[in-house]
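With the working numbering as the guide, the letters of the sequence shown map in order to residues 1 to 91. Have a look at the structure below before the remarks.
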Amino acid sequence: MRTTVIVTALGPDSHGLLAQVATTVAEQNANVDDVSQTVSNGMFTMIMFVSFDQGETTIAELKDALEATGERIGLQIHVQHENIFKFMHRI
Numbered sequence: 001m002r003t004t005v006i007v008t009a010l011g012p013d014s015h016g017l018l019a020q021v022a023t024t025v026a027e028q029n030a031n032v033d034d035v036s037q038t039v040s041n042g043m044f045t046m047i048m049f050v051s052f053d054q055g056e057t058t059i060a061e062l063k064d065a066l067e068a069t070g071e072r073i074g075l076q077i078h079v080q081h082e083n084i085f086k087f088m089h090r091i
């Protein structure tokens with residue numbers, strides 16, 4: 001079974017932020033399906049759709065790895081299951 005999560009990131013812009021987040025995703029045996037990022041007034045914002053097969057990793061493992069990366073590179077990174085994200089952003 002394939003699981004999709006939404007990764008959001010916010011923080012001061014610097015070189016290579018997207019690459020470092022994507023590298024962490026790959027190291028967790030997950031795939032970046034879609035990504036959008038913007039820099040405005042020196043602030044980096046990103047939303048990334050990430051999927052993985054059951055047994056390759058877990059949401060908790062991915063969350064822990066991405067939060068550690070965020071701390072290292074100065075970003076607030078949040079991970080949530082796509083169903084929660086969709087429910088929260090439904091009009």
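All C-beta atoms in this analysis are idealised placements derived from N, C-alpha and C, irrespective of residue type, glycine included. For clarity, every value in this text was computed on a predicted model and none was experimentally measured.
Taking 6 Å as the limit between beta carbons, can you name the residues of its chain near residue i, skipping five residues before and five after?
i, result
"E56", "N29"
"T24", "A65, L66 and T69"
"T38", "T45"
Of the residues the options, which one's Cα is nearest the Cα of residue i?
i, options, result
"G42", "G11, T69 and I6", "G11"
"S36", "E67, G70 and A19", "A19"
"A26", "G74, E71, I73 and L66", "L66"
"I47", "T8, T3 and T4", "T8"
"D33", "L17, I73, D53 and V39", "D53"
"Q76", "S40, L17 and F49", "L17"
In the DSSP assignment, the alpha helix (DSSP H) including residue i goes from what residue to what residue?
i, result
"G70", "I59 to I73"
"Q20", "L17 to E27"
Let me check one thing: in DSSP terms, what residues is residue i bridge-paired to?
i, result
"M43", "P12 and S40"
"M48", "V7 and V35"
Please tell me whether residue i has its Cβ less than 7 Å away from any Cβ of chain D.
i, result
"T69", "The structure shown contains no chain D; it is built from a single protein chain."
Where do the ends of the beta strand (DSSP E) carrying residue i lie?
i, result
"Q54", "Run containing Q54: none; DSSP gives neither H nor E here."
Which whole-angstrom value is the C-beta distance of residue i and residue j, which I expect to be below 8 Å?
i, j, result
"L62", "V5", "7 Å"
"N31", "S14", "Not quite, the Cβ-Cβ distance comes to about 25 Å (not below 8 Å), so this is no contact."
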